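According to my numbering, the stretch in the sequence shown is residues 78 to 263, in order.
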Amino acid sequence: MRAWLNDRRERRQTARSFYGSIVAQARVPTFYAEWGVPDTLQGRFELVALHLAVALRRLAAEGPKGRPLAQALTEAFATDMDDAMRELTFGDLAVPREVRRAAAALYDRHRAYGEALDRADMAKLAAAIGAQMAYLGAAGLDTERLAHYVRGAAAAHEAQPAAEVLAGRLAWPQPAPGQRIARRPE
């Protein structure tokens, strides 16, 4: 019993640290200043969800070994959403409903981005990112650049040893500042 409690506590600590690294990566200024993601609550949520979806996909690749950490990581996300909504003065009765909506949104993004990554279809990935972020109304959103970044992150994570991944340490590529990706002629 004691070993189970210690394992659970350790997994939660790993998940909190892992989630913190995901949030830190989602807050890299390049995404907002140069890639067109609005620096708003919704824009930040979208980038956290995007990074979390990529991390959960990598944990899923580890099969049964990755499931406990994936569950703890999802719980850390739900706790963060709960805390954020309470800070935003959502009423106590509304918070659980809004957390469920955030979790459903995360699941939708995980599925959409995962399908595109599984097919190695950059156009579909860019379209999925655009579709999920369309409500932000960001005219300058560079979905192609975000798609290349996500594909690069997923490839880097696939190359990482399982022990690193299961310890909650994913190496995130830094988004390249500078010129936007040239658009293909229609």
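C-beta: ideal position from N, C-alpha, C; glycine also. What you are looking at is a predicted structure, and each value in this text was computed from that prediction instead of being measured.
| Asked | Found |
| --- | --- |
| Relative to the C-alpha of P250, which residue among M199, F95, A130, A230 is closest? | A230 |
| Going by other Cβ atoms of all chains shown within 10 Å of its Cβ, with 16 needed for buried, is G143 buried or exposed? | buried |
| For V114 versus E123, is the C-beta distance shorter than 8 Å? | yes |
| Compare the Cα-Cα distances from M158 to each of E192, A147, A171 and report the closest residue. | A171 |
| Using a Cβ-Cβ cutoff of less than 8 Å, which residues in the same chain neighbour R104 once the five nearest sequence positions on both sides are dropped? | R121, L124 |
| Evaluate the contact criterion for the stretch 184-195 versus the stretch 133-147: three or more CB pairs, one atom per stretch, below 8 Å. | yes |
| Inspect the CB distances between the stretch 195-203 and the stretch 216-229 and report whether three or more fall short of 8 Å. | yes |
| Mind checking A193: buried by the 16 CB within 10 Å criterion, or exposed? | buried |
| Measuring only the C-alpha atoms, how far is G207 from G214? | 10 Å |
| Taking the straight line between their C-alpha atoms, what separation do you get for H234 and L243? | 11 Å |
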